[in-house]
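See structure below.
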Amino acid sequence: MVKDTNNSKHYNWGNLCDGWHLVDSPTLSVIREKMPSGASENLHFHNNAQQFFFILSGMANFEVEGEIFEVHEGQGFHVLPKKKHRILNNKDTVLEFIVISEPKSHGDRINL
Numbered sequence: 001m002v003k004d005t006n007n008s009k010h011y012n013w014g015n016l017c018d019g020w021h022l023v024d025s026p027t028l029s030v031i032r033e034k035m036p037s038g039a040s041e042n043l044h045f046h047n048n049a050q051q052f053f054f055i056l057s058g059m060a061n062f063e064v065e066g067e068i069f070e071v072h073e074g075q076g077f078h079v080l081p082k083k084k085h086r087i088l089n090n091k092d093t094v095l096e097f098i099v100i101s102e103p104k105s106h107g108d109r110i111n112l
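Heads up, the sequence shown is in full-length UniProt numbering, so the first residue is 1 and it goes up one at a time.
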């Protein structure tokens, strides 16, 4: 099935951020997300889910276990289970990315 933001379930999160569930199954989650300038996620971890973020446009900062990583358009970032992390958009442009979670991360998130 062809999936895009027009035929996928939309939701809002954080400070004016958007997400679209492209794939939503118990074993796999694929979400397209959009973060405005200055937006950030709360620090958290997942007990079971590993995640891979792929930057479609913009530049992301990832905080993982207190260390900051800069990830540019066309690059990806892998977060292992139990690692405290969050994504931040510190630039003046919109950040768009795909986040893949295996198994799905919803219901497996521990906010700090």
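We put the CB at the ideal spot given by N, CA and C, even for glycine.
Between HIS46 and SER105, the C-beta gap is smaller than 8 Å, which places the two residues in contact. The residue from PRO26, SER25, GLY19 and SER57 with its alpha-carbon nearest to that of GLU41 is GLY19.
Here ARG86 is not near LEU16, since their CB atoms are 8 Å or more apart. One Cα belongs to THR5, the other to TYR11, and the distance between them is close to 11 Å. Scanning ALA39, SER29, LEU22 and VAL23 for the CA closest to the CA of ASP108 turns up SER29.
Inter-residue distance for GLU70 and MET1 is about 33 Å (C-alpha atoms, whole angstroms). Excluding residues up to 5 positions away in sequence, ALA39, SER40, GLU41, ALA60, ASN61, PHE62 and GLU63 lie with their Cβ nearer than 8 Å to the Cβ of LEU88 in the same chain.
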